[in-house]
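*Asks:* My questions all concern the structure below.
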């Protein structure tokens with residue numbers, strides 16, 4: 001048993017539940033003993049990336065190999081109700097053996113489960129194959145240590161900890177559900193490569209490049225190009241009427257240019273996130289609303305290609321349908337962006353909500369001004385500059401996320 005302070009236990013309730021521990025007070029500056037020996041005598045992997053070095057992981061797992069025995073330690077902060085580790089063939093959820101430590105009314109319980117796609121289901125474990133050894137709750141930090149047999153059969157698959165290399169997945173969340181855990185809304189991360197658990201050394205977190213690229217493209221599309229293209233179609237049909245671009249009215253040529261960019265980047269972002277995740281997930285509102293955005297965006301150019309000739313009886317119906325689908329797509333995109341801030345994979349600070357809110361206020365205000373005002377060329381110039389500034393700011397925050405840590409590293413360097 002690993003000593004983690006002075007404690008006493010209430011009587012056991014079952015073989016896999018350890019009641020809450022009562023600790024003596026310790027100083028705030030005391031170093032967390034969990035990280036002692038990481039990368040030297042035991043494997044450690046935590047989230048967010050780089051937290052093992054700073055010893056402040058939101059969720060962390062350690063693997064200690066002692067002869068033929070494999071011991072796992074799990075710890076999570078930020079008011080976590082559970083922390084879990086998965087053994088996986090890749091860096092993503094899907095067909096993974098998972099062990100969870102959950103805080104159930106002040107008692108730590110050990111459970112085993114299986115990831116099927118993006119869904120997690122509890123299952124029974126062969127007697128003695130996985131056993132809880134010690135656990136504690138202190139200052140809203142949950143900790144547990146368990147032993148796992150070197151050879152187990154889970155869901156018909158044999159897990160050989162001695163000879164088979166595995167990716168580690170670590171996750172933590174704030175909510176439990178009946179007979180299971182809810183979405184990992186605190187943190188989730190997988191290792192970039194697999195290795196044998198007995199090979200002590202640093203685990204490298206999986207790259208989130210595709211996630212950042214997905215976010216950057218969606219922001220460029222719906223904060224940037226769509227905002228400009230839709231405004232041109234709505235208010236600038238009678239502007240620059242004395243000249244044309246490529247045989248088309250200026251407003252239409254530029255509207256088409258910006259909306260083709262929007263369509264291309266949205267489809268590219270959609271494909272990229274599917275490549276990253278490998279499957280569809282309905283666990284978040286962001287995913288569902290983002291799918292709706294992509295579908296509506298996808299059909300818009302095909303609707304435009306079938307538009308009736310000006311003056312045709314059904315032209316008015318087309319105009320309303322085209323306007324409706326475009327604006328619903330825009331609204332869905334904005335909702336998806338607000339919910340993206342809450343995704344732990346995005347690593348965005350909460351104050352990004354205020355930037356998005358400022359953008360929405362500005363966007364609506366410009367529409368109100370243009371409805372009743374002249375000087376449209378001047379207003380468009382101001383609008384273009386501000387929209388580019390909003391888009392660029394949000395893209396930089398997304399690409400360099402977590403931006404506060406990136407900024408701190410940059411300022412400390414100089």
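Residue numbers (the UniProt record's numbering): 1 to 414. All C-beta atoms, glycine included, are put in the ideal place defined by N, C-alpha and C. Computed from a predicted structure; not experimentally measured.
What's the gap between the Cα of residue 326 and the Cα of residue 271?
*Replies:* Looking at the two C-alpha atoms, the distance is approximately 21 angstroms.
*Asks:* Apply the 10 Å Cβ neighbour rule to residue 214 and answer buried if 16 or more other Cβ atoms are within range, or exposed otherwise.
*Replies:* It counts as buried.
*Asks:* Bridge partners for residue 92 per DSSP, in chain order?
*Replies:* Bridge partners of residue 92: none, in fact.
*Asks:* Which residue's Cα is closest to the Cα of residue 212: 37, 340, 65?
*Replies:* Among 37, 340, 65, the Cα nearest to that of residue 212 is on 340.
*Asks:* Let me know the beta strand (DSSP E) ranges lying completely inside the region 130 to 176, each 3 residues or longer, listed in chain order.
*Replies:* DSSP runs (the beta strand (DSSP E)) wholly in the region 130 to 176: 130 to 138, 141 to 148, 151 to 154, 157 to 160, 167 to 173.
*Asks:* Are the region 376 to 385 and the region 244 to 251 touching, with three or more C-beta to C-beta distances below 8 angstroms?
*Replies:* The region 376 to 385 is not in contact with the region 244 to 251.
*Asks:* Which residue comes first and which comes last in the alpha helix (DSSP H) that contains residue 66?
*Replies:* That residue, residue 66, is in no alpha helix (DSSP H); its beta strand (DSSP E) goes 59 to 66.
*Asks:* Measure the CB-CB distance between residue 500 and residue 254 and report whether it falls below 7 angstroms.
*Replies:* The first residue shown for the chain is 1 and the last is 414, placing residue 500 beyond what the model contains.
*Asks:* Near residue 402, which residues of its chain fall below 6 angstroms by C-beta distance, leaving aside the five closest residues on each side in sequence?
*Replies:* Around residue 402: 347.
*Asks:* Can you tell me which of 167, 291, 359 puts its alpha carbon nearest to the alpha carbon of residue 433?
*Replies:* Outside the shown range of the chain (1 to 414) lies residue 433, about which nothing can therefore be said.
*Asks:* Within 10 angstroms of the Cβ of residue 66, are there 16 or more other Cβ atoms? Answer buried if so, exposed if not.
*Replies:* With fewer than 16 Cβ atoms within 10 Å of its Cβ, residue 66 is classed as exposed.
*Asks:* Would you say the beta carbon of residue 324 is closer than 6 angstroms to some non-hydrogen atom of the ligand MG?
*Replies:* Absence of the ligand MG is noted for the structure shown, with no ligands found whatsoever.
*Asks:* Quick one: grab the DSSP three-state call for residue 348.
*Replies:* Coil.
*Asks:* Could you please give me the residues that DSSP links to residue 84 through a beta bridge?
*Replies:* Note: residue 84 sits in a beta bridge opposite 100, 171.
*Asks:* Roughly how many whole angstroms lie between the Cα atoms of residue 249 and residue 258?
*Replies:* Straight-line Cα distance between these residues: approximately 14 angstroms.
*Asks:* Using DSSP with H/G/I as helix, E/B as strand and the rest coil, what is residue 205?
*Replies:* DSSP places residue 205 in strand when its eight states are reduced to three.
*Asks:* Would you tell me roughly how many angstroms separate the C-alpha atoms of residue 350 and residue 274, rounded to the nearest one?
*Replies:* Rounded to whole angstroms, residue 350 to residue 274 spans 25 angstroms at the Cα level.
*Asks:* Per DSSP, what kind of secondary structure is residue 200 in: helix, strand or coil?
*Replies:* Residue 200: coil per DSSP, three-state reduction.
*Asks:* Between which residues of its own chain and residue 315 is the CB-CB distance below 6 angstroms, once the five residues before and five after are set aside?
*Replies:* So the list reads 308, once near-sequence residues are dropped.
*Asks:* So, at 6 angstroms on beta carbons, what are the nonlocal neighbours of residue 225 in its own chain, with the 5 sequence-adjacent residues on each side left out?
*Replies:* Hits under 6 angstroms: 258, 261, 262.
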